[in-house]
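Residue numbers (the numbering used here), protein chains in the order written: chain C, 1 to 721; chain R, 1001 to 1721.
Ideal Cβ placement from N, Cα and C applies to all residues, glycine included.
This one's a predicted model, so the numbers in the text were calculated from it and none came from an experiment.
2 protein chains.
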Amino acid sequence: MNHPLFLYILLQLSFLIAPFNMSAQEDYKLWLQYKKVQHTKIASNYQSKINGIVALGNSETIQVATKEIQLGLSGLLDSTIALQQNTDKENMLILGNKLLLDENILKNIKNEFDLINEEGYIIKTIQLKNKKHILITGKTDIGVLYGVYNFLKLLQTNQSIENLAITDSPRINIRILNHWDNLDRTVERGYAGFSLWNWHKLPDFIDQRYVDYARANTSIGINGTVINNVNANALILTPQYLEKVEALAKTFKPYGIKVYLTARFSAPIEIGGLKTADPFNTDVKNWWKEKAKEIYQRIPDFGGFLVKANSEGQPGPQNYGRNHVDGANMLADAVAPFGGIVMWRAFVYSEHDVNDRAKQAYSEFVPYDGQFRDNVIVQVKNGAIDFQPREPFHPIFGAMPKTPLMMEFQITQEYLGFSSHLVYLPKLYQEVLESDTYSKGKGSTVAKIIDGTLDNHKITGIAGVANIGNDINWTGHPFAQANWYGFGRLAWNPYQDSETIAEDWLRMTFSNEKKFIKAVKEMMLESREAVVNYMTPLGLHHIMDTGHHYGPGPWVSNLSRPEWNPTYYHKADTKGIGFDRSKTGSNATAQYAPEVANIFDDATTCPEKDLLWFHHLPWDYKLKNGKTLWNSLALKYQEGVNQVASMNSTWNKMENYVDEARFKEVQMLLNIQYKEAKWWRDACLLYFQQYSGKELPKEVEKPIQTLNFFKSLKFPFAPGI
Amino acid sequence: MNHPLFLYILLQLSFLIAPFNMSAQEDYKLWLQYKKVQHTKIASNYQSKINGIVALGNSETIQVATKEIQLGLSGLLDSTIALQQNTDKENMLILGNKLLLDENILKNIKNEFDLINEEGYIIKTIQLKNKKHILITGKTDIGVLYGVYNFLKLLQTNQSIENLAITDSPRINIRILNHWDNLDRTVERGYAGFSLWNWHKLPDFIDQRYVDYARANTSIGINGTVINNVNANALILTPQYLEKVEALAKTFKPYGIKVYLTARFSAPIEIGGLKTADPFNTDVKNWWKEKAKEIYQRIPDFGGFLVKANSEGQPGPQNYGRNHVDGANMLADAVAPFGGIVMWRAFVYSEHDVNDRAKQAYSEFVPYDGQFRDNVIVQVKNGAIDFQPREPFHPIFGAMPKTPLMMEFQITQEYLGFSSHLVYLPKLYQEVLESDTYSKGKGSTVAKIIDGTLDNHKITGIAGVANIGNDINWTGHPFAQANWYGFGRLAWNPYQDSETIAEDWLRMTFSNEKKFIKAVKEMMLESREAVVNYMTPLGLHHIMDTGHHYGPGPWVSNLSRPEWNPTYYHKADTKGIGFDRSKTGSNATAQYAPEVANIFDDATTCPEKDLLWFHHLPWDYKLKNGKTLWNSLALKYQEGVNQVASMNSTWNKMENYVDEARFKEVQMLLNIQYKEAKWWRDACLLYFQQYSGKELPKEVEKPIQTLNFFKSLKFPFAPGI
């Protein structure tokens, strides 16, 4: 058999043929890959330091902590680390909360327990009878569990585990995901498939994903989840659904994750048979009290309610001539006996209010400062409009010192390319958290407001609108996992650097190879500025196509509510572009502390990244670079496209560091992002050019399509609506 | 550290804590697990017989065949089998189509190529220069690929590979899945999550699932897929979507899987800008011709159209005074130049027709026999109503000898407990395929009609309405994978025994352990009769709650269309129960050949399993068991419940044979099935008892709930609508 013409050896298979894996395992495992430590010296050092596991207590939480450490070590060390009954042998890993530690162990602890709170943990190398061990402890079992995940992180990121002495606690109490999941499993603004919650099969079928969801969250410090949409359906509060919610809550409990629900304000009418939902009505108050009781009977650790009221058509207290305080306090009174809280959203703006939309939430909520019950926390989006690629911090932060304020970040990329664009959001979160409100002088950062230290609040919170769906990889884009991860890390400690978080994530998710980390971390860190540049540079905002918010739509001006129209936001005309929010305009700048207001108010001191957010400026206006506004704007769009090109080229060099499946996924998605970045650039510049009447600078690639082509594009089944 | 009170060793973790796997890998891999062969003697025998792979040719199909055999062997043999350039060494596995085989190989072949068709394969042990090898060949590369999967199946099921001499060909040309998937990714009658097709990210993002979907299908012989709902949206035919369809078609092509689309009859109006869709209108004809051309330019191997017309509100030729032949032939002419076909559904019944719904399709379609174009095939559901747990075969089979008839089975469990009930459907399929129509005398089975042998048809087809969604395990229930698998196997060869198929599936999917196979196979084989018993025994049908078809609803009688009401079907009254379709009733029996009609027509000869399908009988009617109809009915319901209890008990003994994750999934689902079987029993018996006025036999457990309770149950977000 030698017939060379017909004999082909298929050593290198064509790129046309997708890889075979039939598992998608890596994708599913998120940052908990627990792959064998590759660096042999490091691996053998870990081996030598971990000879067995001694677990104290038998709560469900300690059980999952033990399972997790065994799972993690069996992967990382590629060997089974046995459970031991005592510390006779050296190098035990001891897990147990403070109350279960005996004297000899406690002798090893100095003041560490004073340094941590109820959820904090201590990881410490200790000595017992001259033998070294590693202790993971905390004041509670949940603290121990957090310690376990953080100990595993040390190994996952190839850190030293010699002479450990780590103490850490979360800075914020309520670290929570908001799932905008509907009961039909569609997800509003969801781009990763459909809802994780299989309501039909609950309560009797507990999907393995629920457990893995809890593991992933706890590993990064998230301790709460609002499982249904803020645009709420009252049916979630019926026994039929509460039984299902209870099953989820039971699954999450060992992981220290509390379940919260959104409360539809009109529920007393819709499912209670009442004629009103007036918060001053006794029947209404009692209905909510009974409902709270019913919920807490099923779910003793139920967290409380999240409410979107009198916002974008949702019912609320104003339907009855009451205000937000009346509504929030009524619900707060219902859950107070059980230790529950109410998260009341400040995302309000009215079609009947002709004022600048950016000003309305502040105008409405600031006068309520100090009037809310102790168990109410007001949830404020990071910016005054709506989760744009960039917004100045929301002026409410710093303006309601007597009210606990909770941050609402969006993890899902409603306005940032859905799940096709690689955008590392912790950069955005960090920018907001570090913003100085000057509310109590210099250093009054947003982080200090939401962690309660500035105004001395006991209840503190941070929410992230989840980007999680039933896609095998959870988030649609493999790199969108980093946004979930990074949100959790910043929720735990809002002072962390997003670069450190990116590096940890890369090491845990992909590889500890330095070359890979350096290049891909740079790509991640630049990605947020890239999306700003190719979508909304220099302070532009909300010029996405309407409804689905997919792609550019600066031309849209025909929606019923003026403040839903992109033209409302960019105000481009032959004279110039931008929204004048300075003293000469809407005077939104006055909502900030004077130190901040003065800077924003003056176009020459206003950061150029926020320029068109606050100012309407002529096309010929000169920026600091000496170039005109028109040219600078066009160059920014081009810069964004160039950045994505560069991201592509970076990634294409990473093939050897990443499994084939994820490598190709990211490659395909970066190609989409590049295509869409050009679409953004061309559509926006062609549109704005009608007003500027100017040529594009030579550095900007010429559009191939016409403006009419871009305007003609329709996406009838865009996801997430 | 010896504090025994606090020292707990967690060797056995509580059942409350779900398992950790963070992979769900087994679930995802379907029957292509390729796990290491456990039986050491068998494994070493395989090892000794397979020393290398020689692949001939380099088509995409040969490339995927090579990759698949490598993937499979690396798992099954736990070692890498290298590609070789020639057969110098012994025990090569040679892959290549007939044209690429050299003389020495061909000498080993007798008449095997005459025994197979274009898609068939040969697996043969051959000798070259006194060295033994295994040859996998066929007339085409696709044949080789089928051979590869079937060779792997031998290993997966621990069969001998000594002196192989296998020839096999599919008996049916078009072996196709029908996906009732909408463009918003909801799936009509889908219970496994949402649509696999991520239209938003197509064409640029090729999900790994598309590849694995193709692999799974080809491994069982499926060669076509209709990717969108029969209740069609014309947008699929626009360039925006055709570009996406093209990307899927390209992905499936190497696997021998053709893409088909559903054609909305009114598309010329909706997307073509015409004022009519009249099939006699020249503009309409031309529009379809141009549309076909456009599709074939993109997708040269496009399969053709599937059409649901003038059925359940879908538009069709009757809207213009034309008939099904006019509509089908017009579309057939459009695709004929490109080799396309039209699958025209016979699922029609009218709210304006007072005749027994079971008779209407026959009445309407049989007169058209012989009038359809050569490239039209009429797609007929297995029974005359709609995918019930049991139906007598559809009377159209055997009644249209001049027309190729295609079988439409439902794999998704619309009327059979969604994806929570374990029901092994190949038992149902086999029952239908073996049914004797007597159309050309004894032995004129349905199988012989659809494989074309009875009436000598060239185009033959079989469709399965897919049960596939984006759940990690594809089908919602791990055992529902067996229905996809079994459909494919029967599509390839409709004469196979469902028991053999169950055994193969169990071996490939779970384990080759005899004890496991014996017990679980029995459970599967019994499961279909169980669902009949606890839902619709003795020929009852269509008494599911309406709309979603979840759970019992025999009381429903208020729907606008009479034939959508369960009361229409069971006709229970104080006199008795059942639908009289005999001569004294609707005379639907007359639609069968006399040999069949006579048997059905007489209650004493009618098989008791079909009794109430054909007869309305008094509650006191005596069955062959000597018991009254009422008692027998009640006992059947109880028997169904008992069967599910027994399934539970069987499964609970299987823990050692199955991975923890799948073991628990099935366990939870069987618990749901048991709960729901009792719900069915109690709701139906309480309802029918109103009419029978009789006590339940003592063997039947007494209902705990009232009829009113069952009637009050509502499922506003039941999946699949």
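Residue i Cβ short of 7 Å to the ligand MG heavy atom set
{"i": "residue 1298 of chain R", "result": "Among the components of this structure there are no ligands whatsoever, and the ligand MG is therefore not found."}
Other residues of its chain near residue i: CB distance less than 8 Å, five sequence neighbours each side excluded
{"i": "residue 1207 of chain R", "result": "1196, 1198, 1201"}
{"i": "residue 388 of chain C", "result": "415, 536, 541, 542"}
{"i": "residue 227 of chain C", "result": "179, 181, 197, 245, 248, 259, 260, 261"}
{"i": "residue 1670 of chain R", "result": "1422, 1644, 1647, 1648, 1651"}
Cutoff 6 Å; reference residue i; Cβ partners in own chain excluding five residues on either side
{"i": "residue 438 of chain C", "result": "444, 593, 595, 596"}
{"i": "residue 1423 of chain R", "result": "1416, 1527, 1528, 1531"}
{"i": "residue 1117 of chain R", "result": "1169"}
{"i": "residue 1299 of chain R", "result": "1246, 1249"}
Minimum Cβ-Cβ distance from residue i to chain R less than 8 Å
{"i": "residue 199 of chain C", "result": "yes"}
{"i": "residue 204 of chain C", "result": "yes"}
{"i": "residue 222 of chain C", "result": "no"}
{"i": "residue 481 of chain C", "result": "no"}
{"i": "residue 25 of chain C", "result": "yes"}
{"i": "residue 9 of chain C", "result": "Reliability fails at residue 9 of chain C, whose pLDDT of 38 lies under 50, so the model's placement of it is uncertain and no value is given."}
Any C-beta of chain C under 8 Å from that of residue i
{"i": "residue 1267 of chain R", "result": "no"}
{"i": "residue 1184 of chain R", "result": "yes"}
{"i": "residue 1190 of chain R", "result": "no"}
{"i": "residue 1640 of chain R", "result": "no"}
{"i": "residue 1719 of chain R", "result": "yes"}
{"i": "residue 1716 of chain R", "result": "yes"}
{"i": "residue 1472 of chain R", "result": "yes"}
{"i": "residue 1193 of chain R", "result": "yes"}
Buried or exposed by the 16-neighbour rule on C-beta atoms within 10 Å, applied to residue i
{"i": "residue 1620 of chain R", "result": "exposed"}
{"i": "residue 1221 of chain R", "result": "buried"}
{"i": "residue 638 of chain C", "result": "buried"}
{"i": "residue 38 of chain C", "result": "exposed"}
{"i": "residue 690 of chain C", "result": "exposed"}
{"i": "residue 462 of chain C", "result": "buried"}
{"i": "residue 709 of chain C", "result": "exposed"}
{"i": "residue 103 of chain C", "result": "exposed"}
{"i": "residue 421 of chain C", "result": "buried"}
{"i": "residue 1495 of chain R", "result": "exposed"}
Rounded distance between the beta-carbons of residue j and residue i, thought under 8 Å
{"i": "residue 100 of chain C", "j": "residue 56 of chain C", "result": "4 Å"}
{"i": "residue 586 of chain C", "j": "residue 212 of chain C", "result": "No, residue 586 of chain C and residue 212 of chain C are not in contact; Cβ-Cβ is about 47 Å, not under 8 Å."}
{"i": "residue 293 of chain C", "j": "residue 262 of chain C", "result": "Their Cβ separation, rounded to whole angstroms, is 19 Å, which puts residue 293 of chain C and residue 262 of chain C out of contact at 8 Å."}
{"i": "residue 500 of chain C", "j": "residue 481 of chain C", "result": "That belief does not hold up - the Cβ atoms of residue 500 of chain C and residue 481 of chain C are roughly 17 Å apart, past 8 Å."}
{"i": "residue 469 of chain C", "j": "residue 194 of chain C", "result": "6 Å"}
Close beta carbons around residue i, own chain, < 7 Å, minus the five adjacent residues each side
{"i": "residue 687 of chain C", "result": "554, 555, 707"}
- Report the residues of the region 1539-1555 of chain R with a CB closer than 9 Å to any CB of chain C, ordered along the chain. 1550
- Message: If the cut-off is 9 Å on Cβ atoms, which residues from the region 1416-1433 of chain R count as contacting chain C, listed in chain order?
- Response: 1418, 1419, 1420
- Short-range partners of chain R found in the region 661-681 of chain C, where Cβ spacing is below 9 Å: 661, 664, 665, 668, 669, 671, 672, 675
- Message: At a CB distance below 7 Å, what residues from the region 229-246 of chain C approach chain R? Give them in sequence order.
- Response: 235
- Message: By the 8 Å beta-carbon criterion, what residues does the region 1689-1711 of chain R contribute toward chain C?
- Response: none
- Message: Please list, in chain order, the residues of the region 1206-1220 of chain R that have any C-beta partner in chain C closer than 8 Å.
- Response: 1206, 1208, 1209, 1210, 1211, 1212, 1215
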